[in-house]
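Each remark here refers to the structure printed beneath this line.
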Amino acid sequence: IRVCVIRNINNVKFDESLKNTFSDMVSGMPDGTIIVMTSTDNQPPAFIEKDYPGAVHIVQFWKYFDRDLINYIQKTLAGKKIDFHEKIVPLIIELAGSDIRRVDEIIDMAEYSGKGMHVSEDMIRELAGDVRDVTVFELTDMLFRKEKRSLTCLKQLLDDGIAELLILNMITRQADMLEKYFRLLDDKLNSEEAMTKIGLGSGKIRREKFGAILKRFTRDNLKRTYPLIARAEYMLKSSGASGGARSPLVDLAFGIVSMK
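If you want it as structure tokens, here you go:
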């Protein structure tokens with residue numbers, strides 16, 4: 010796929026000549042090419058929507074999105090008379106991935122589940138887990154906590170067409186992070202210092218997730234994981250196996266989950 014980017018199209022004055030030029034560009038566009046136009050207006054030039062119905066997909070981004078989203082969440086929670094701690098606002102943004110639809114879902118569930126209660130960070134984490142789609146990051150967290158449901162999540166990702174090598178790379182990345190953490194402990198760093206060294210110096214949620222893994226995943230588990238990773242990588246690259254129950258990733262995941 011090739012991408013042609015036209016920035017600030019709202020500044021272009023489209024007379025008939027320019028409209029014809031634009032039409033020629035679109036009609037002569039090679040297969041596999043996408044035109045991306047940016048505009049500070051809330052809509053594309055009127056003639057584009059009129060002349061190319063169904064061919065234009067509009068994606069709107071908010072300027073200063075994070076700040077606006079914080080204000081939006083605070084006002085929505087207050088408007089619904091939800092008793093909440095200020096810490097849950099950035100937590101909602103982090104767990105929802107700044108997706109406004111998921112933000113609304115979490116708030117709606119908090120309103121329903123938290124009637125007459127103080128909505129805590131733990132409650133928000135639980136609610137966010139109910140509304141989010143599974144991601145590769147969540148899979149690796151569950152897998153290294155040796156949770157059996159990670160096998161179901163892996164199947165879902167494979168069924169959704171997520172590339173096997175991408176999943177394998179993320180599993181390897183998590184293993185490498187653990188290996189570096191254990192090595193730093195051997196170098197006489199304490200746990201807090203080691204977490205900072207591996208990039209977990211800030212971000213309470215990421216540190217908590219990594220801490221949960223450390224409670225379940227031992228150094229011996231890590232030593233046994235690397236041969237499983239190597240075998241899965243060899244099979245993926247040599248045989249082209251892909252998807253479903255036959256994926257080498259299933260054997261890798263099962264091997265990790267089964268570790269004592």
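Our numbering puts the first residue of the sequence shown at 10, with every later residue one more than the last. Positions of the beta carbon are idealized from the N, C-alpha and C atoms, including for glycine.
Ala184 and Leu167 have their C-alpha atoms some 21 Å from each other.
In the DSSP assignment, Arg11 falls within the unbroken beta strand (DSSP E) covering Arg11 to Ile15. Judged by beta-carbon spacing, Arg16 lies beyond the 8 Å limit of Thr42, meaning their Cβ atoms are not closer than that value.
Rounded to whole angstroms, the gap between the alpha carbons of Met118 and Ile82 is 14 Å. Beta-bridge pairing by DSSP links Phe146 to no other residue. Close CB contacts of Gly264 within its chain, under the 7 Å cut and outside five residues either way in sequence, are with Leu237 (chain order). If you draw a 10 Å sphere on the C-beta of Cys13, you find fewer than 16 other C-beta atoms in it, and that means exposed. Annotation for Met126: no alpha helix (DSSP H) segment contains it, and DSSP assigns it neither H nor E. The three-state secondary structure of Phe93, taken from DSSP, is strand.
The alpha-carbon separation between Thr30 and Thr49 amounts to approximately 22 Å. For Met46, the pairing in a beta bridge is given by DSSP as Ile15. Annotation: Met151 to Ile171 spans about 17 Å, alpha carbon to alpha carbon. For Ile67, no alpha helix (DSSP H) segment is defined, and its DSSP state is neither H nor E. His127 and Leu104 have their C-alpha atoms roughly 19 Å apart. Rounded to the nearest whole angstrom, the CA to CA distance from Thr227 to Arg233 is 10 Å.
A straight line joining the alpha-carbon of Lys28 with that of Met132 spans about 54 Å. Annotation note: the stretch 97 to 123 contains the following uninterrupted alpha helix (DSSP H) runs of length 4 or greater, listed N- to C-terminal: 97 to 105 and 109 to 122.
For Phe56, the CB contacts under 8 Å within the same chain, skipping 5 residues up- and downstream, are Phe23 and Lys28 in chain order.
DSSP places Asp168 in the uninterrupted alpha helix (DSSP H) bounded by Arg158 to Asp168.
Leu177 is positioned such that its CB atom lies closer than 8 Å to that of Ala241. For Tyr235, the closest C-alpha among the options Met34, Met186 and Ile214 is that of Met186. Sixteen is the threshold: since fewer than 16 other Cβ atoms of the shown chains lie within 10 Å of the Cβ of Glu135, the residue is exposed. If the five residues before and after Leu174 are omitted, its C-beta is found closer than 7 Å to the C-beta atoms of Leu245, all from its own chain and listed in chain order. Across the set Pro53, Phe93, Lys59 and Glu130, the C-alpha of Glu130 shows the shortest separation from the C-alpha of Ile214. Between Ser26 and Asp40, the alpha-carbon positions lie close to 25 Å from each other.
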